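Encoded as structure tokens, the structure appears first; notes follow it.
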């Protein structure tokens with residue numbers, strides 16, 4: 012019996028058995044002491060299939076919407092002052108006012124004739140307009156001030172990476188969203204499902220597929236001055252392991268890949284070794300999504316949750332579920348080996364041990380030695 016136990020535990024294998032996976036324990040040095048087992052069925056597939064990440068919506072959303080961008084150093088302001096009379100400071104018989112441009116200097120100030128230097132950086136255009144008009148009230152004849160920004164240098168974001176026109180682009184006073192900025196830069200050079208958008212704001216950064224930026228409107232957040240945007244080519248892949256004919260890392264090559272397509276691209280199940288009831292997908296899920304599909308689950312730590320989805324292809328409905336289960340980037344698809352195959356390996360090892368015994372010793376003596384051990 013000890014020989015049998017030792018032999019079974021040390022058999023060569025493509026990976027863990029279905030029974031070992033469903034024990035819901037992981038022995039590893041990583042900070043993952045357990046995972047959640049979820050049997051794939053129609054409610055689960057409906058819940059996780061259409062889900063898209065809300066990376067930007069959770070971390071960078073300006074939920075109150077834009078409220079106008081404050082002016083900053085380097086901005087060029089177009090100022091037009093009009094008066095009610097013909098003999099005012101800025102008006103004459105030919106024109107009722109004057110128009111000029113002023114750039115906010117390194118101290119944050121601008122110079123306005125008959126007013127002098129005044130603070131501009133940190134103020135909105137409307138606040139500055141009212142300040143200039145108030146300062147001229149006792150000098151000009153019923154002055155009216157119009158103000159606009161023609162060179163927005165301070166309120167700008169930088170777009171780099173795999174875009175047609177990388178550069179620094181000004182933010183609109185009414186607010187500029189992330190997709191607006193990508194469009195200004197000429198758009199991505201690659202397909203939306205192969206382009207990762209990274210937004211860096213001060214010390215924070217988050218990444219998301221351009222595809223998910225388009226499909227989830229809340230991810231299309233308003234930008235803030237000095238935001239940095241990087242578009243990079245990042246093809247999605249999944250890893251196919253276990254009892255299939257061609258285990259490998261495989262590119263998506265299409266916008267979506269189902270579990271059925273993923274197994275087919277690996278040559279299908281190895282009919283001589285695969286356990287069709289043990290098709291597994293390993294991935295990390297958001298806690299709220301795990302709670303939706305496993306209401307009895309209680310989080311053990313913060314952060315994403317390791318989840319193993321199990322599909323049984325021995326059931327006819329399993330084929331339909333495989334067509335509805337969408338894979339995500341860096342998923343691991345594992346096909347377990349059938350228990351009968353493991354037992355056959357054991358018998359083969361025992362047979363080879365017997366046949367390669369000491370020269371001159373018969374089969375009966377080898378069996379006797381095995382029994383004594």
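Numbering (the numbering used here), first residue to last: 12 to 384.
From the three backbone atoms N, C-alpha and C, an ideal C-beta is built for every residue, glycine too.
From a predicted model like this one, the values you see are computed outputs, not experimental measurements.
query	result
Backbone CA spacing between residue 116 and residue 217 [nearest angstrom]	34 Å
Residue 342 versus 335, 317, 349 and 350, residue with shortest Cα-Cα distance	317
Distance CB(residue 230)-CB(residue 219) smaller than 8 Å	yes
Beta-carbon proximity check, residue 204 vs residue 192, cutoff 8 Å	no
Distance between residue 123 and residue 129 (C-alpha atoms, nearest Å)	8 Å
Rounded C-alpha distance that separates residue 222 from residue 207	9 Å
Alpha-carbon spacing of residue 139 relative to residue 335, whole angstroms	57 Å
Close Cβ partners of residue 303 (< 8 Å) along its chain, the five nearest in sequence each way excluded	58
Per DSSP, the bridge partner or partners of residue 47	318
Three-state secondary structure assigned by DSSP to residue 40	Only weak support exists for where residue 40 lies, its pLDDT of 36 falling under 50; the value from the coordinates is given anyway. Residue 40: coil per DSSP, three-state reduction.
Under the three-state DSSP convention, the category residue 312 falls into	coil
Residue 204, DSSP secondary structure in three states	helix
Per-residue burial, residue 125 [other beta carbons within 10 Å of its own, 16 or more giving buried]	exposed
Reduced DSSP secondary structure (H/G/I, E/B, other) of residue 212	strand
Under the three-state DSSP convention, the category residue 269 falls into	strand
Environment of residue 54 [buried if 16+ CB atoms lie within 10 Å]	exposed
Inter-residue Cα distance where the pair is residue 227 and residue 63	7 Å
Sub-8 Å separation of residue 324 and residue 51 beta-carbons	no
Simplified DSSP state of residue 85, which is helix, strand or coil	coil
Residue nearest to residue 135 in terms of C-alpha spacing, selected from 71, 88 and 152	88
Inter-residue Cα distance where the pair is residue 329 and residue 288	9 Å
DSSP-derived helix/strand/coil call for residue 93	strand
Residue 356 versus residue 346 - alpha carbon distance	For residue 356, the predicted structure reports a pLDDT of 49, less than 50, and the residue's modelled location is therefore unreliable. A value from the coordinates is still provided. Those two C-alpha atoms are separated by around 18 Å.
Residue 20 (DSSP reduced to helix, strand or coil)	Residue placement at residue 20 cannot be trusted, given a pLDDT of 48 that sits under 50; what the coordinates show is reported in the next sentence. Here residue 20 sits in helix by DSSP.
Continuous beta strand (DSSP E) stretch holding residue 241: start and end	239-244
Sequence-distant residues of its chain with Cβ nearer than 6 Å to residue 41 (five each side left out)	Residue placement at residue 41 cannot be trusted, given a pLDDT of 37 that sits under 50; what the coordinates show is reported in the next sentence. Nothing listed; no residue qualifies.
Cβ pair residue 337, residue 265 closer than 8 Å	no
Identity of the residue in 326, 71 and 311 nearest residue 47 by Cα	311
Paired residues, beta bridge with residue 172 - DSSP	242
Distance, residue 246 Cα to residue 90 Cα	49 Å
Supposed contact pair residue 82 and residue 146 - C-beta distance, whole angstroms, cut 8 Å	No, residue 146 and residue 82 are not in contact; Cβ-Cβ is about 17 Å, not under 8 Å.
Cross-strand partners of residue 218 (DSSP beta bridge)	209
Unbroken alpha helix (DSSP H) run spanning residue 143, endpoints	136-146
Pairwise C-alpha distance: residue 313 and residue 143	53 Å
Burial state of residue 286, where buried means 16 or more other Cβ atoms lie within 10 Å	buried
Cβ neighbours of residue 188 in the same chain (closer than 8 Å, five flanking residues each side left out)	231, 232, 233 and 234
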